[in-house]
Each structure stands twice: as C-alpha cells, then as structure tokens.
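Heads up: the sequence shown begins at 711 in this note's numbering, then just goes up one per residue. Ideal placement from N, C-alpha and C gives every residue a C-beta, glycine not left out. Taking it in order: structure first as structure tokens, then the write-up.
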Amino acid sequence: MHLILTGCEYVGTTTLGWAISQWAKRAMGGHHWFHDHWKIPHVNHPAAADLATTDRLYEEWAAGKGPDPTTIGLSPEERKQFLALSPQLKEMFQRYHMDYHVRPSFYKNMPDHNIIGMHVDEAIYAPLYYGYGGPGEYSERELYLRYIEERIIELAPHTVNVLVKARPDVIRRRMKSEPHENGLVKDNDIEQILQRFEEEYERSLIRNKFTIDTSNATVEESLEEFLSKFEPFITDTDRSRIVAHKNV
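Okay, here's the thing in structure tokens:
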C-alpha cells in the first residue's frame with residue numbers, strides 16, 4: 711500500500727494516517743507505518759528504541775494522553791538548533807531528506823510506503839515560511855515536487871494521492887483549541903494555503919487520487935470514507951495479503 715496524504719496543517723493528516731496504518735495492520739498483518747517528519751523542525755521519526763515503543767507513543771497520543779509523536783523525533787535542544795540553521799542549510803537538508811525517501815533501495819522495496827506531506831508541504835511551506843524554494847530559485851520547490859512525483863510513479867505507479875481538507879473556520883478552531891508545538895500555519899494564511907494544496911492536488915502527476923473533508927467527520931468516519939474511496943485502487947498484491955491474513 712503506497713499513499714500520499716496531503717493537506718493544510720490542522721486538517722488531520724497525521725490522525726488519519728495513524729488510523730489508516732492501524733486498519734492496514736488489522737487487515738494485512740505486519741507493521742504499517744507512515745512518514746510524517748517533513749515540517750521543520752519536526753524532521754525525524756519519533757526517537758523510540760523499537761516499533762513497540764513507537765506504537766505505544768501513538769496510541770497514547772490518539773487517546774489524548776501524550777504529545778504528538780511526529781514532534782518528538784528530536785530533543786527540544788535539537789529542534790532549537792535546527793530552527794537556527796540558515797535557509798540554505800535547511801534547504802539542503804530537506805532536499806537530501808526527500809530524495810532519500812524515493813530511492814529504489816528504500817521506496818520500491820517496501821510493501822508499504824505511506825507519506826504525509828513531504829514534497830507538497832515543501833512546495834507550499836518553504837517559500838512562505840522557510841526562506842527558500844521560491845519561483846526562479848535554484849531550490850525552487852515547484853520543480854522539485856514534479857521530480858519527486860516522477861520518481862514515485864516510476865517506482866510505484868499504483869500510489870494513491872489523497873487530499874485531506876477542512877473548512878477555514880474548522881482549522882482556526884483547531885488551531886485555538888489544540889495548538890501545535892512549532893506550528894507553521896498563520897491565521898491570515900489559511901485560505902491561501904488551502905488554495906495552494908488544492909492547486910497542487912489538481913496539478914499532481916499521480917492520477918490515482920481522491921479527497922476527504924474532515925470538517926464534520928470523526929476519525930472513524932474519515933477512515934470509513936477513505937476505505938470506500940481507496941477500494942478501487944487496492945492492488946492485487948494487497949488484496950492477496952488481506953485474504954492471506956484472514957486465513958491465519
């Protein structure tokens with residue numbers, strides 16, 4: 711199962727990504743994880759000793775009893791150090807960071823490779839908040855976005871692109887009720903950012919795609935909607951995995 715979930719901060723991509731990974735684990739067995747470590751300074755998986763600890767961190771977070779694991783891959787001091795880097799150094803790190811994740815040895819050889827944001831986040835947030843990646847620059851993220859998608863299509867043409875959406879008033883309410891540590895999106899930018907995610911979704915080279923609006927939905931309802939819309943894109947390999955796991 712190869713997915714890309716994109717959307718403005720606070721629409722619920724992390725929450726939905728976790729729910730999808732838990733469904734996949736129940737349906738197919740094995741360990742199903744997602745890469746949600748692209749928004750500076752949260753650029754690393756949770757610093758856990760093993761997968762069981764990582765699972766526990768996410769379970770506690772989902773139950774409202776712990777921090778978002780996507781924010782604790784680095785220590786507070788390391789996050790400060792990363793934020794203090796120049797735009798040039800941040801750009802270099804993110805470029806190599808993304809490129810590593812679409813190398814054949816990593817992406818193609820994994821049965822499940824589910825990404826939250828990555829290249830789309832960079833194309834939208836880097837020029838606005840990070841100080842690099844704008845039009846005409848060497849680091850122009852619009853061009854790099856297409857390169858990443860070309861690589862993904864080459865390595866896993868069955869990849870599905872999911873745009874997660876929410877109304878501006880819902881995003882503002884979530885921002886106030888549960889503000890993110892080192893959150894990116896500013897109140898005055900919400901409409902612009904939502905529009906940019908829509909634009910990149912429409913321009914995407916990945917043609918297997920659909921949208922989910924979480925404005926009035928519970929996590930369970932969003933997962934049900936995902937499963938309904940994802941069903942036509944399930945690969946024969948994953949269908950076989952589902953059948954095999956039922957028979958275990």
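**Message:** Please report the straight-line C-alpha distance between residue 848 and residue 728, rounded to a whole angstrom.
**Reply:** Walking along the sequence shown from the start, residue 848 turns up at place 138. Walking along the sequence shown from the start, residue 728 turns up at place 18. Rounded to whole angstroms, the gap between the alpha carbons of residue 848 and residue 728 is 35 Å.
**Request:** Entirely within the region 818-864 and at least 4 residues each: give me those alpha helix (DSSP H) ranges in chain order.
**Result:** Scanning the region 818-864 from its first residue to its last, the whole alpha helix (DSSP H) runs of 4-plus residues come out as 829-835.
**Request:** Look at residue 954 and residue 923 and say whether their C-beta atoms are less than 8 Å apart.
**Result:** Looking up residue 954 in the sequence shown gives position 244. Looking up residue 923 in the sequence shown gives position 213. Taking 8 Å as the cut-off, the Cβ atoms of residue 954 and residue 923 do not count as close.
**Request:** Could you pull out every unbroken alpha helix (DSSP H) segment of at least 4 residues lying fully inside the region 739-791, listed in chain order?
**Result:** Taking only runs of at least 4 residues, the alpha helix (DSSP H) segments lying wholly in the region 739-791 are 761-772.
**Request:** Return the CA-CA distance between residue 801 and residue 888, expressed in angstroms with no decimal places.
**Result:** Stepping through the sequence shown from its first residue, residue 801 is reached at position 91. Stepping through the sequence shown from its first residue, residue 888 is reached at position 178. Using only the alpha carbons, I get a separation of about 29 Å.
**Asked** Anyone know if the C-beta pair for residue 774 and residue 907 falls short of 8 Å?
**Response** For the purposes of this step, residue 774 is taken as the residue at position 64 of the sequence shown. For the purposes of this step, residue 907 is taken as the residue at position 197 of the sequence shown. No, Cβ-Cβ distance for residue 774 and residue 907 is not below 8 Å.
**Request:** Could you check what DSSP says for residue 872 in three-state terms: helix, strand or coil?
**Result:** Stepping through the sequence shown from its first residue, residue 872 is reached at position 162. Note: residue 872 maps to strand in three-state DSSP.
**Prompt:** What's the C-alpha gap between residue 813 and residue 756?
**Reply:** Your numbering for residue 813 matches position 103 in the sequence shown. Your numbering for residue 756 matches position 46 in the sequence shown. Straight-line Cα distance between these residues: approximately 22 Å.
**Request:** Between the Cα of residue 899 and those of 911, 916, 885 and 891, spot the shortest distance and give me the residue it belongs to.
**Result:** For the purposes of this step, residue 899 is identified with residue 189 of the sequence shown, where counting begins at 1. Comparing Cα positions, the closest option is 885.
**Request:** Quick one: using the 10 Å Cβ neighbour count with 16 as the cut-off for buried, is residue 958 buried or exposed?
**Result:** Residue mapping note: residue 958 aligns to position 248 of the sequence shown, counting from 1. With fewer than 16 other Cβ atoms within 10 Å, it is exposed.
**Prompt:** Count the other CB atoms within 10 Å of the CB of residue 736; is the residue buried (16 or more) or exposed (fewer)?
**Reply:** As a working note, residue 736 is residue 26 in the sequence shown. Exposed.
**Message:** Alpha carbons only, please: which of 946, 853 and 752 is nearest the one belonging to residue 915?
**Reply:** Along the sequence shown, read from residue 1 onward, the residue named residue 915 stands at position 205. The residue with the shortest Cα to Cα distance from residue 915 is 853.
**Prompt:** What is the DSSP secondary structure of residue 921, counted as helix, strand or coil?
**Reply:** Residue mapping note: residue 921 aligns to position 211 of the sequence shown, counting from 1. Residue state, collapsed to three classes: strand.
**Message:** Can you list, in chain order, the residues of its chain with a C-beta nearer than 8 Å to that of residue 831? Leave out the 5 residues immediately preceding and following it.
**Reply:** For the purposes of this step, residue 831 is identified with residue 121 of the sequence shown, where counting begins at 1. The answer, listed in chain order, is 716, 748 and 749.
**Asked** Straight-line CA distance for residue 827 to residue 763?
**Response** Translated into the one-based positions of the sequence shown, residue 827 becomes position 117. Translated into the one-based positions of the sequence shown, residue 763 becomes position 53. Each residue's alpha carbon lies about 24 Å from the other.
**Message:** Once the 5 residues before and after residue 870 are set aside, which same chain residues still bring their CB inside 6 Å of it?
**Reply:** Numbered from its first residue, the sequence shown carries residue 870 at position 160. Close CB contacts of residue 870 within its chain, under the 6 Å cut and outside five residues either way in sequence, are with 713, 918 and 943 (chain order).
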